[in-house]
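The structure appears right after this line, and notes come after that.
Residue numbers (my numbering): 5 to 229.
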């Protein structure tokens, strides 16, 4: 999915302003990019979130959160009452706490990369682990933006998209003409690629039947190999 922001500055205009003395523009741009790009968890490091995810899965009645619809936020009060005098309790903050926890567990399950080094070069085809950046910065010579990233083994994501889609996502900002061209070529190639080969079609069919078999609740309906 590609999202274009109407009336946004071109990559060259952004670069020119980043290299100028417009420090306020630089601060606000980094603030915006950090709000829609996240390279770490809300709750802590990878092992902390993995433990939290495992503990959640042990609860009675646990349902895989990638197989259920996202929970809607609480409705805003109709009464014009200051929040500090609210008698309903801080339900909005409790929902956002739930949101952050749920996003962490979704990303932990779906965005964590298991390195694929089974090739003759012994290098990951997905370029993991990713370079870590302790904080966002702008290269004063080239204008290149380095966004903060504290987890090397997860894709960059947008919390609200991960919460809604509940699957693996990889979010990036097209901040250069080269990046824009590369993504357009990738998308065009992806949607126009030739049909699947026969063995791939049968493998897909097998996967569907296997999934249905695993999901059934009646053991008498399970087909045996």
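Cβ coordinates follow ideal geometry from the N, Cα and C atoms, glycine included.
Comparing alpha-carbon positions, which option in the options lies nearest residue i?
i: residue 45; options: 189, 166, 21, 193; result: 166
i: residue 29; options: 74, 147, 213; result: 147
i: residue 134; options: 21, 160, 47, 208; result: 160
i: residue 77; options: 61, 98, 62, 37; result: 98
i: residue 34; options: 211, 188, 152; result: 152
i: residue 48; options: 138, 182, 154; result: 154
i: residue 60; options: 115, 102, 194, 180; result: 102
Would you call residue i buried or exposed, if buried means 16 or more other Cβ atoms sit within 10 Å of its Cβ?
i: residue 43; result: buried
i: residue 109; result: buried
i: residue 5; result: exposed
i: residue 213; result: exposed
i: residue 144; result: exposed
i: residue 53; result: buried
i: residue 170; result: buried
i: residue 22; result: buried
i: residue 209; result: exposed
i: residue 158; result: buried
i: residue 149; result: buried
Terminal residues of the continuous alpha helix (DSSP H) containing residue i?
i: residue 34; result: 27-40
i: residue 166; result: 163-169
i: residue 52; result: 50-61
i: residue 138; result: Taken as a continuous stretch (DSSP letters only), residue 138 belongs to no alpha helix (DSSP H), as it is neither H nor E.
Leaving out five residues before and five after residue i in sequence, what residues of the same chain have Cβ atoms less than 8 Å from its Cβ?
i: residue 229; result: Here residue 229 scores only 44 on pLDDT, less than 50, and its place in the model should not be relied on; the value that follows carries that caveat. Hits under 8 Å: none found.
Using a Cβ-Cβ cut-off of 6 Å (strictly less than) and excluding sequence neighbours within five positions of residue i, which residues of its own chain qualify?
i: residue 168; result: 74
Return the CA-CA distance between residue i and residue j, expressed in angstroms with no decimal places.
i: residue 190; j: residue 8; result: 17 Å
i: residue 70; j: residue 112; result: 12 Å
i: residue 128; j: residue 79; result: 45 Å
i: residue 62; j: residue 56; result: 10 Å
i: residue 186; j: residue 177; result: 12 Å
i: residue 204; j: residue 172; result: 22 Å
Kindly indicate if chain C contains any beta-carbon less than 9 Å away from that of residue i.
i: residue 212; result: In the structure shown, chain C cannot be found, because there is only a single protein chain.
Whose C-beta lies closer than 7 Å to the C-beta of residue i among residues of the same chain, with five residues either side of it excluded?
i: residue 163; result: 42, 107
i: residue 131; result: none
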